[in-house]
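Numbering-wise, the sequence shown is residues 28 to 69 according to the working numbering.
Each residue gets a CB set at the ideal place from its N, CA and C atoms; glycine is no exception.
All of these numbers come straight from a predicted model, not from anything done at the bench.
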Amino acid sequence: MTDVSIRDLRNHGGEVIDLVIGGQDIVITRSGRPVAQIVPLR
């Protein structure tokens, strides 16, 4: 599982989606706290 800040998601959204397509679960954080998760469809 990889943590990504909201700022990084906004600035590098395509790269984050590529990680998800590659099978990674992504945890979105705000101020270091988890707020959401993006997981690949299975």
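What number of angstroms, rounded off, separates the C-alpha of Ile44 from the C-alpha of Gly50?
Walking along the sequence shown from the start, residue 44 turns up at place 17. Walking along the sequence shown from the start, residue 50 turns up at place 23. Cα-Cα distance, rounded: 10 angstroms.
Ile48, buried or exposed, once every other Cβ within 10 Å from all chains shown has been counted against 16
Here the question's residue 48 lines up with position 21 in the sequence shown. Exposed: under 16 other Cβ atoms inside 10 Å.
For Val62, is the classification buried or exposed, using 16 other Cβ atoms within 10 angstroms of its Cβ as the cut-off for buried?
Position 35 of the sequence shown, counting from 1, holds the residue named residue 62. The residue is exposed, with fewer than 16 neighbouring Cβ atoms inside 10 Å.
At 3 residues or longer, and completely inside the stretch 29–63: list those beta strand (DSSP E) runs for me, N to C.
29–32, 53–57
Is Ala63 close to chain D, meaning its C-beta is less than 8 angstroms from at least one C-beta of that chain?
The question asks about chain D, but that chain is absent: this structure has only one protein chain.
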